[in-house]
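Colleague: Residue numbers (the working numbering): 2 to 371.
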Ligand SMILES: Nc1nc2c(ncn2[C@@H]2O[C@H](COP(=O)(O)OP(=O)(O)O)[C@@H](O)[C@H]2O)c(=O)[nH]1
Ligand SMILES: [Mg+2]
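(1) To the nearest angstrom, how far is it from the Cα of residue 239 to the Cα of residue 227?
(2) Heavy atom of ligand 2 less than 7 angstroms from the Cβ of residue 206, yes or no?
(3) The beta strand (DSSP E) spanning residue 224 covers which residue range?
(4) Have a look at 136, 350, 171, 146 and flag the residue whose alpha-carbon is nearest the alpha-carbon of residue 122.
(5) Sort out for me which residues DSSP pairs residue 102 with in a bridge.
(6) Residue 342 by DSSP, collapsed to three states: which one?
(7) Specify the secondary structure class of residue 347 as computed by DSSP and reduced to three states.
(8) For the stretch 326-334 and the stretch 104-112, state whether three or more C-beta atom pairs, one from each stretch, are separated by less than 8 angstroms.
(9) For the alpha helix (DSSP H) holding residue 199, just list the boundary residues, first then last.
(10) Is it buried or exposed, residue 144, if we count other Cβ atoms within 10 angstroms and call 16 or more buried?
(11) As a quick exercise: from 233, 352, 348, pick the residue whose alpha carbon is nearest that of residue 342.
(12) In whole angstroms, what is the alpha-carbon distance linking residue 161 and residue 285?
(13) Looking at residue 84 and residue 169, is the spacing between their C-beta atoms short of 8 angstroms?
(14) Looking at C-alpha atoms only, which residue of 91, 217, 120 is the closest neighbour of residue 100?
(15) On the three-state DSSP scale, how would you describe residue 315?
(16) Among 63, 79, 62, 64, which one has its Cα closest to the Cα of residue 323?
(17) Would you say residue 111 touches ligand 1, meaning its beta carbon is less than 7 angstroms from a heavy atom?
(18) Note down the Cα distance separating residue 261 from residue 140, rounded to an integer number of angstroms.
(19) Checking contacts by CB at 8 angstroms: is residue 355 closer than that to chain E?
(20) Taking a contact to mean a Cβ-Cβ separation below 8 angstroms, would you say residue 153 touches residue 340 in this structure?
(21) Under three-state DSSP, which class holds residue 94?
(22) Is residue 336 helix, strand or coil by DSSP?
(23) For residue 359, which residues of its own chain have a beta-carbon under 7 angstroms away from its beta-carbon, when the five flanking residues on both sides are left out?
(24) Less than 8 angstroms between the beta carbons of residue 157 and residue 314, yes or no?
(25) Determine the closest residue to residue 126 out of 142, 115, 283, with distance taken between C-alpha atoms.
(26) Going by beta carbon distance, what residues of the same chain come within less than 8 angstroms of residue 93, once the five residues before and after it are set aside?
(27) Tell me the rounded alpha-carbon separation between residue 336 and residue 301.
(28) Which one or two residues does DSSP pair with residue 252 in a beta bridge?
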């Protein structure tokens with residue numbers, strides 16, 4: 002899997018990946034939460050932009066803008082393929098069609114509850130003879146799918162007066178937290194917002210180096226204290242520093258963790274609690290990142306993390322490629338937590354504000370003509 006924080010040495014014969022800068026962190030003495038601002042300067046990574054280079058040289062080209070990009074990236078998903086196959090056979094409008102739709106939805110990870118809600122609605126409307134043919138039923142399914150997602154389509158809005166508006170990204174390992182931070186950072190910078198990142202994944206030295214290297218290349222300030230530093234202290238210091246500079250957005254990375262890792266789950270609670278000392282609204286957004294390929298397991302992940310910290314938004318990544326797509330409906334039906342963004346590729350342009358219509362249309366046959 003290509004990771005755009007890393008690059009291959011051009012001289013390397015093998016495929017070994019080498020970090021842009023050595024993954025060795027010199028532990029820095031933490032000045033403590035009460036230290037004066039100047040004392041924090043020592044823990045602030047330099048923000049001098051390094052020569053521009055393509056962080057995404059190994060990634061596929063960005064998806065086309067607008068709706069067509071969604072379709073292009075989601076057409077291979079399980080849900081798009083099974084529903085596409087079903088309707089391309091010109092099915093008859095009968096109970097068998099409903100059962101086939103039910104199977105397609107369940108197989109695509111839509112989940113039992115959401116599937117039952119959808120199919121029951123179609124069945125009762127079919128009973129009332131509302132549909133002239135299978136295509137009319139498909140149009141109704143489209144409406145129902147969009148209606149299920151509409152309540153969670155609440156884009157993240159940055160309160161410009163917060164300074165800094167604090168976003169903490171959370172989620173299990175490998176779901177795309179750091180990648181999403183890079184994409185968000187690019188988005189905010191393009192919007193002209195000042196930005197700072199906190200390297201709160203102190204569990205692995207490479208994770209800190211990953212964020213630092215990216216920050217240096219892109220001229221974004223990264224607060225880091227190296228491996229094994231107290232993640233809550235890193236976040237606290239980053240806030241203090243961002244506040245003193247009038248930075249508009251602060252995004253804190255965190256270590257991936259499983260619900261079984263009690264220590265790490267407690268640490269997450271501490272990060273949020275410690276940030277809360279800066280004000281009742283801080284952090285402003287707790288953004289949980291979900292890997293779209295994990296299926297129904299995503300539900301237990303959100304449940305477990307929500308029990309620890311108030312999750313205010315979701316990002317579903319990796320909807321391109323092998324994702325079945327259905328888990329988005331299951332999440333919407335189960336939690337009603339706003340889905341802020343969808344990851345449909347590895348490039349910055351491939352983080353899209355979640356758009357229910359574009360998403361649903363990408364999963365349904367194009368013949369619907371929407
Ligand atoms: N195809 C695809 N890959 C993604 C997406 N988001 C993240 N990834 C990849 O997922 C892998 C893990 O990402 P990373 O950000 O390191 O995960 P973290 O452990 O949660 O920080 C990397 O190889 C990323 O390139 C996405 O939307 N689509
Ligand atoms: Mg990470």
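The beta carbon of each residue, even a glycine, is placed where N, CA and C say it ideally should be.
Modeller: The relevant details are as follows:
(1) 14 angstroms
(2) no
(3) 222-224
(4) 146
(5) Note: residue 102 sits in no beta bridge, so no partner.
(6) In the displayed model, residue 342 falls within a strand according to three-state DSSP.
(7) Shown here, residue 347 sits in coil according to DSSP, grouped into three states, outside any helix or strand.
(8) yes
(9) Per DSSP, residue 199 belongs to no alpha helix (DSSP H); it is in the beta strand (DSSP E), 196-199.
(10) exposed
(11) 352
(12) 12 angstroms
(13) no
(14) Of the candidates 91, 217, 120, the one whose C-alpha sits nearest the C-alpha of residue 100 is 120.
(15) strand
(16) 79
(17) Checking the 7 angstroms criterion, the Cβ of residue 111 is out of range of every heavy atom belonging to ligand 1.
(18) 43 angstroms
(19) Among the chains in the structure shown there is no chain E, since it carries only a single protein chain.
(20) The answer is yes: Cβ separation under 8 angstroms.
(21) coil
(22) The answer is helix: DSSP assigns residue 336 an H, G or I state.
(23) 68, 71
(24) yes
(25) 142
(26) Take residue 93, set aside five residues on each side of it, and the residues of its chain with a beta-carbon closer than 8 angstroms to its own are 135, in chain order.
(27) Spanning the two alpha carbons is a distance of roughly 11 angstroms.
(28) Beta-bridge partners of residue 252 (DSSP): 168, 198.
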